[in-house]
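In this text, residue positions in the sequence shown follow UniProt numbering: the first is 1, and each later residue adds one. By construction, the Cβ of each residue, glycine as well, lies at the ideal position given by its N, Cα and C atoms. None of the values given here were measured: they were computed from a predicted structure. This report concerns only the one structure given below.
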Amino acid sequence: MRLDGIPLWDGTEYRGPVDLSWEPDRITEVTATAQLHTDLCVLPGLVDTHVHLVGYAGPGDPPDFATWPLVTTRDEQVLHGAAHAQRAMRHGVTTLRDLAGDEAQVALRRAFDAGVLPGPRLQVHGVVGMTAGHNDLFVPPAFPGRKPTADGPDECRKLVRTWARAGMDGIKITTSGGVLSIGDKNAWRNYTRDEIRAVVDEAHALGMLVASHAHSEDGIRVAVEEGVDSIEHGTLMSRDLAEALAVRGTPVAPTLLINEAIAAGRVPVTPEAMAKAAELVATRDVLLAQAAALGVRFVLGTDANGHHVRFGDQLAEVVHMTRILGMDAESALRAATSDAADSIGMPVGRIAPGLGADLIVLRGRPWERIEDLATENIVAVVSRGRLVAGNLP
């Protein structure tokens, strides 16, 4: 399969018109040539480093976010997860990292990798969270079927090992409260320093990256000091923390659209969640813009779950990063392709010989005008070397 004379933005910069060819899932040629397509371009598939695949994926108004997982069998939930992954892929998001996975998402990853179902590249992180922590409180206190928790350094190490045995790619730890969890506060401490240190040490010993959910300044600080590999949200990032993150090059996924949607009540949420999100958003923009100016490494991470942020909204998130963080168009594109891929250790996010063939053919020039990065401008999507949406010119 090939594209001739098409302008290329390769994941780092604009390369001019090229002849581009690939065999299933391997780019074989990228050669400069005369331009044939004046209104089209090709760029790498996007990489979303923070999603939650398992959620309602059907038509119409979604059911209640908190109770749907409690009244829906896990077998059925997996099918919704597959639908979300495929929707993302058709909208140009060809690599996803699920940050609250279990054996269900691992099964999806294996099915996609084996070609049993068409699907994007997928990483899965298992959550290590405390009793009454952010992850635990998605389930109402009186409900008996709960997600695994770990309390104390030894239990934390054991849960990391359990997730490694299950085939996880990495670990997510919670170091602050959250927005959608029921009954907690953003500022609540999640885990002691000794517990966090145990999680990071055990995960790294088993070759797994650690992502930290952290909204509060204290939650971000302890995660950074104990050596996590990425910060998820990072909402109340102080100047000194931004400087430390910039020096370390630690990636931060800012999850902008979801918190705004919850705070404004644009999606069905509880008054409690609205209030928590509004408190964060009130001070977030100034802090995150300051962090970007100080050199913090922001990458695409949406927290998409199909309910509050849809799969396919990733393109809008990239555009929004330029508005909130002050990034220029090319920096935002790198944050959603090559840098996002590097931050999770995936050899994608670039168009170059020998790499996987994940491509978006698009109308416009998004490296000059970021608003051209829109779902309505997608002409074709290639994932793992196969056409999965639209038609190649």
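- Using a Cβ distance threshold of 8 angstroms, A292 and F298 count as a contacting pair.
- Pairwise C-beta distances place the stretch 86 to 98 in contact with the stretch 36 to 56, as three or more of them are shorter than 8 angstroms.
- Considered as a whole, the stretch 205 to 281 harbours 209 to 214, 230 to 233, 251 to 253 as its complete beta strand (DSSP E) runs of no fewer than 3 residues, in chain order.
- For F143, the secondary structure class from DSSP, reduced to helix, strand or coil, is coil.
- Collapsing the DSSP output to three states places D339 in a helix.
- In this structure, the CA atom of L315 is about 31 angstroms from the CA atom of D240.
- No Cβ-Cβ contact shorter than 8 angstroms links H233 with P251.
- One thing to note: Y191 has its Cβ within 8 angstroms of the Cβ of I173.
- P366 counts as buried, since at least 16 other C-beta atoms from the protein chains shown sit within 10 angstroms of its C-beta.
- With respect to D184, H134 sits close: the two C-beta atoms are nearer than 8 angstroms.
- Taken in chain order, the whole beta strand (DSSP E) runs of length 3 or more contained in the stretch 94 to 137 are 121 to 128.
- In this structure, L40 keeps its C-beta atom at 8 angstroms or more from the C-beta atom of V78.
- For D4, the uninterrupted beta strand (DSSP E) run begins and ends at 2 to 9, by DSSP.
- Judged by DSSP in its simplified three-state form, K158 adopts helix.
- For P347, the three-state secondary structure derived from DSSP is coil.
- The three-state reading of DSSP puts W22 in strand, counting E and B together.
- Less than 8 angstroms divides the Cβ of A380 from the Cβ of V361.
- Counting the other CB atoms within 10 Å of its CB gives E29 a total below 16, which places it among the exposed residues.
- Under the 8 angstroms Cβ criterion, the stretch 344 to 362 counts as touching the stretch 9 to 19, having at least three qualifying pairs.
- Out of D201, S181, V200, V247, the CA that lies nearest to the CA of H215 is found in S181.
- In terms of Cα proximity to P62, the closest of R310, G5, S383 is R310.
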